[in-house]
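In our numbering, the protein residues as written are 14 to 159.
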Amino acid sequence: MNSSFVTRAVSFTAIIAMLLGYNQVLYAREKDEEIARLEAELAAAEQAAAATAAQSELYKDGTYNGSGEGFGGAIDVAVTVENGSIASIDILSHDGEDGPYFAEAVQIVEDMLNEQSADVDTISGATFSSTGIRTAVAEALEKAEA
Numbered sequence: 014m015n016s017s018f019v020t021r022a023v024s025f026t027a028i029i030a031m032l033l034g035y036n037q038v039l040y041a042r043e044k045d046e047e048i049a050r051l052e053a054e055l056a057a058a059e060q061a062a063a064a065t066a067a068q069s070e071l072y073k074d075g076t077y078n079g080s081g082e083g084f085g086g087a088i089d090v091a092v093t094v095e096n097g098s099i100a101s102i103d104i105l106s107h108d109g110e111d112g113p114y115f116a117e118a119v120q121i122v123e124d125m126l127n128e129q130s131a132d133v134d135t136i137s138g139a140t141f142s143s144t145g146i147r148t149a150v151a152e153a154l155e156k157a158e159a
């Protein structure tokens with residue numbers, strides 16, 4: 014056999030072995046990255062579940078009434094809690110409020126439902142009315158605290 018052939022065959026075999034080894038390193042790195050990504054997703058899911066569990070322990074289920082002072086007088090609300098979360102906020106009365114301003118102020122209800130809290134920003138242009146709604150909801154939620 015020709016020594017040149019043997020040298021080429023050994024070199025070829027060495028190159029193939031190096032490529033296979035390199036592929037194994039890439040595969041292992043890819044798997045490590047996948048494991049890290051899945052662990053991060055799991056940690057985020059556990060954190061979200063803990064936050065939900067903590068939130069559900071904040072309020073007792075039921076319907077609670079509250080009152081707050083708006084621009085034109087008292088604003089009365091009923092807050093319904095289901096499964097520890099605020100399910101609905103109903104405005105029961107707002108007799109002294111100015112119609113157009115109060116119509117703007119009612120937008121705060123959606124903010125409170127989204128945040129699951131009365132601690133939201135007031136509505137610009139309807140500050141007193143939205144503050145009255147927020148105060149009434151806060152009073153109702155105090156009654157619902159577990």
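Beta carbons: idealized from backbone N, C-alpha and C, even for Gly.
One or two residues paired with residue i in a DSSP bridge
i	result
I104	V90
E95	S98
G75	V94
Top-ranked residue by Cα proximity to residue i, from the options
i	options	result
P113	V92, S17, G85	G85
F115	L126, V94, R147, A91	R147
I104	V38, T93, R42	T93
A100	L154, I88, L32	L154
L71	Q37, N96, F25, R21	N96
Closer than 7 Å to chain B by CB, residue i
i	result
D89	Absent from the structure is chain B; it holds one protein chain and no more.
DSSP-derived helix/strand/coil call for residue i
i	result
G85	coil
S80	strand
E158	strand
S130	coil
S137	coil
D124	helix
G109	coil
Same chain, Cβ closer than 6 Å to residue i, five either side skipped, listed in chain order
i	result
I136	E117, A118, Q120, I121, S143
Sequence-distant residues of its chain with Cβ nearer than 7 Å to residue i (five each side left out)
i	result
N15	none
V165	Because residue 165 is not part of the residues shown, which for the chain are 14 to 159, the question remains open.
Nonlocal neighbours in the same chain, by C-beta distance under 8 Å from residue i, ignoring five residues either side
i	result
G83	H107, G109, E110, F115, A118, F141, S142, T144, G145, I146
Can you find at least 3 beta carbon pairs, one from the stretch 51-61 and one from the stretch 130-137, that sit closer than 8 Å?
Contact between the stretch 51-61 and the stretch 130-137 is absent, because fewer than three Cβ pairs lie under 8 Å.
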